[in-house]
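Protein chains in written order, with UniProt numbering: chain W, 1 to 344; chain L, 1 to 344. Ideal placement from N, C-alpha and C gives every residue a C-beta, glycine not left out. None of these values were measured; they are calculated from a predicted model.
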DNA sequence: ATGAAAGCGCTAACAT
DNA sequence: ATGTTAGCGCTTTCAT
């Protein structure tokens, strides 16, 4: 007699009793298996409606072994790059009748592992993971080997046999760099994420390659790799931009860095303007003055492709592992076209 | 003999057999129930490790009736307002050992209903919902009455007995309007979401109230309500801003509208500058020139509070239904302080 | 401290 | 077209 008595949820037996049929017939109707007479279907549906029956998917999952659910793991689900990607995954999942579990790893491999465990305990049919830097292959490879569908996005985990969808980071960063060179710049700075982060390293490599291809000497004094959320970045940036023989252009290695940089540049507006190309597009890049030239990734496309790969595997496809590179696209908006000394 | 033979996932019986104990003892160890000798614990843990056992939560859920999962339903999980809110919910859920199912309603009440069904079939312990405009109370009230924990955020559903976390939309919009009046503006335009959207109507009411309190006559020619994603908004906006006796200031009713407006203003820069206050903060508002004055909501706080309310209910709390209003905060950045005619 | 048996609500397999 | 039976892997209950 304590609390408001919550009416117990009706089960298929309750519906069966109400409709005067057997349990299995209710199951047939609920799952639209067919081979049930029109009258019976109507009677069962009426009983379902009247009792407010909803199938208990835990029981279904226990029996069938499928959760109709996939798990997403990102560093931070509120990062616009990942939330856009997640949305695209959701649309594909919906078409496959699947739901989405989402969790943020905070870039912590240990926590990431906890999430993988929690997801697999729940029997997710597959995982789409942007792995945290430093993720060991062990657990994931075990899952992959046990037949769990896994697709990596944005970053791979070497040692895990799983499909992977990556941006062409080297090519994109090289294109950004070449673009600045073509606009007359010779001293181009690069600000990227922590060197442990796969994309940061690849993008730095693309930058260096393009410099060399342009006959320019990479200069350590123009490169800084640090988490864009770190403290003291104003000093880090200032140390590069205010040195003797300073850069006349710069590249930021991801959207967090672009935004951090724009904030810095606004706070230090007395400095001579620098040409600026960001890796990854971001909202309002086109509205700023000058509008920000970017190498746009295609997060929605990456999400869609990753999800399609995943559901192919969930469906039992045995094709060889794929690694798909999505080419980024240079979007010229103004900030990257300020002429450098060689054109001045 | 088709495909790579996927090793069957080990169960508790397998672990029990390997460790030479009974099924129940394994269960005790896995769930840290205690009353197991140190040696036995060690033996069981070794077997778990060796076999790579993970508890099957579908079976657990079937028996216990709890999924350790909550469901989130938003219009669009990639909207920064909602993705920030979702992230805050996630942090609270994590502390309660719960995972997050997320789905986007696209503002469609029918699809929203499908999602609620899918979530409840899966036995979620609770729902956090930003309901689509036009949501009927029926299904949700049935769930609430059946004891499912529900918390509404951003918008209520009248007729459903559930806790609700809302912004003080009227107060916030009134503050934005009063701020512009105090800066000398007399003709202030308002661009908000569709009139079916709860927040749009409340914010419009706050705007009108503040005008009247300032002794100003609300003027229909200065107000437009439309989805910020609609086509042809440039004409809608132009129709207001380019009329005879045009406004000298404007308010946008949500972050999507703010961004839409900034894009329009940039494309029509020849027009005399208008004072501008946005409802809801957005990234880079501080970096634009002029920086955009906003009435900032607190999506993370709203998410945290909603989640805390939810888990209180999941835990069985029987307190009366609460409706919490979170006061927004005016952040003065420049765009809202351009002096109007009364101060010129 | 440990174990045996029953059963959660559903679907698979097999009748009829 | 419909029904019966067994059992998915776990937790609950009750012994010992």
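Check: Within this structure, are the beta carbons of residue 283 of chain W and residue 301 of chain L separated by less than 8 angstroms?
Finding: In this structure, residue 301 of chain L does not lie closer than 8 angstroms to residue 283 of chain W by Cβ.
Margin query: Between the alpha carbons of residue 51 of chain L and residue 122 of chain W, how many angstroms are there, rounded?
Written below: Rounded to whole angstroms, residue 51 of chain L to residue 122 of chain W spans 18 angstroms at the Cα level.
Notebook entry, point to check: Can you find at least 3 beta carbon pairs, one from the segment 223–240 of chain L and one from the segment 243–254 of chain W, that sit closer than 8 angstroms?
Noted result: With a cut-off of 8 angstroms on Cβ pairs, the segment 223–240 of chain L is not in contact with the segment 243–254 of chain W, counting fewer than three such pairs.
Margin query: Looking at chain L, is there any beta carbon in it that lies within less than 8 angstroms of the beta carbon of residue 123 of chain W?
Written below: Taking 8 angstroms as the CB threshold, residue 123 of chain W lines the interface with chain L.
Check: Rounded to a whole number of angstroms, what is the C-alpha to C-alpha distance between residue 312 of chain L and residue 131 of chain L?
Finding: Rounded to the nearest angstrom, the two C-alpha atoms are 21 angstroms apart.
Next item on the list: For the alpha helix (DSSP H) containing residue 23 of chain W, list its first residue and its last residue.
Entry: Start and end: 23–30.
Margin query: If I measure Cβ to Cβ from residue 35 of chain W and keep anything under 8 angstroms in the same chain, skipping five residues before and after, which residues do I get?
Written below: Here the set comprises 28.
Margin query: Since residue 285 of chain W and residue 329 of chain W should fall inside the 8 angstroms C-beta cutoff, what is the C-beta to C-beta distance between them, to a whole number of angstroms?
Written below: That pair is no contact at about 13 angstroms.
Check: What is the DSSP secondary structure of residue 251 of chain W, reduced to helix, strand or coil?
Finding: Residue state, collapsed to three classes: strand.
Margin query: If you reduce the DSSP assignment to three classes, tell me which class residue 63 of chain L lands in.
Written below: Residue state, collapsed to three classes: helix.
Margin query: Tell me the residue span of the beta strand (DSSP E) that contains residue 279 of chain L.
Written below: Looking at the DSSP string, the run of the beta strand (DSSP E) that includes residue 279 of chain L is 275–279.
Check: How many Å lie between residue 205 of chain W and residue 170 of chain W at the Cα?
Finding: Whole-angstrom Cα-Cα distance: 6 angstroms.
Checklist line | Supposed contact pair residue 304 of chain L and residue 68 of chain L - C-beta distance, whole angstroms, cut 8 angstroms | finding: Contact doesn't hold; Cβ gap of about 19 angstroms is too wide.
Margin query: Using a 10 Å radius around the Cβ and a threshold of 16 neighbouring Cβ atoms, would you call residue 63 of chain W buried or exposed?
Written below: Exposed, because fewer than 16 other Cβ atoms sit within 10 Å of the Cβ of residue 63 of chain W.
Margin query: Is it the case that the segment 97–110 of chain L contacts the segment 95–104 of chain W, given that we only count it when at least three CB pairs across the two stretches are under 8 angstroms?
Written below: Two segments are said to touch when three or more pairs of C-beta atoms, one from each, lie closer than 8 angstroms; by this definition the segment 95–104 of chain W touches the segment 97–110 of chain L.
Note to self: If contact is defined by three or more beta carbon pairs under 8 angstroms, each pair taking one atom from either stretch, is the segment 269–277 of chain W in contact with the segment 286–295 of chain W?
What the structure shows: Touching, yes.
Check: Beta-carbon separation of residue 112 of chain L and residue 84 of chain L under 8 angstroms?
Finding: Contact annotation: residue 112 of chain L and residue 84 of chain L have beta-carbon atoms that are not nearer than 8 angstroms.
Check: By Cβ distance below 7 angstroms, which residues in the same chain neighbour residue 90 of chain L in space, the five residues on each side in sequence not counted?
Finding: Taking C-beta separations shorter than 7 angstroms and ignoring five residues to either side along the sequence, the partners of residue 90 of chain L in its chain run 100, following chain order.
Next item on the list: Determine, using beta-carbon pairs with one atom in the segment 192–199 of chain W and one in the segment 145–157 of chain W, whether at least three such pairs fall under 8 angstroms.
Entry: In short, these stretches touch, since the Cβ pair count reaches three.
Checklist line | Terminal residues of the alpha helix (DSSP H) in which residue 119 of chain W lies | finding: Residue 119 of chain W -> alpha helix (DSSP H) spans 109–121.
Notebook entry, point to check: By a C-beta neighbour count over all protein chains shown, 10 Å radius and 16 as the cutoff for buried, is residue 55 of chain L buried or exposed?
Noted result: By the 10 Å Cβ count, residue 55 of chain L comes out buried.
Note to self: Restricting to Cα atoms, I'd like to know which of L:33, L:14 and L:65 is closest to residue 46 of chain L.
What the structure shows: Among L:33, L:14 and L:65, the Cα nearest to that of residue 46 of chain L is on L:14.
Margin query: If I measure Cβ to Cβ from residue 271 of chain L and keep anything under 7 angstroms in the same chain, skipping five residues before and after, which residues do I get?
Written below: Answer for residue 271 of chain L: 241, listed in chain order.
Note to self: With a threshold of 8 angstroms between beta-carbons, can residue 293 of chain W be considered close to chain L, or not?
What the structure shows: Chain L, which has no Cβ nearer than 8 angstroms to the Cβ of residue 293 of chain W, makes this no.
Notebook entry, point to check: Can you pull the DSSP bridge partners for residue 163 of chain W?
Noted result: In the DSSP output, where bridge partners are listed per residue, residue 163 of chain W has W:151.
Item checked: Identity of the residues DSSP links to residue 191 of chain L by a beta bridge -> Answer by DSSP bridge pairing, in chain order: L:224 and L:252.
Next item on the list: Taking all protein chains shown into account, decide if residue 306 of chain W is buried (16 or more other Cβ within 10 angstroms of its Cβ) or exposed.
Entry: By the neighbour-count criterion, in which a residue is buried when 16 or more other Cβ atoms sit within 10 angstroms of its Cβ, residue 306 of chain W is buried.
Next item on the list: With distances taken Cα to Cα, identify the nearest neighbour of residue 115 of chain L among W:94, W:114, W:127 and W:116.
Entry: Nearest option by C-alpha distance: W:94.
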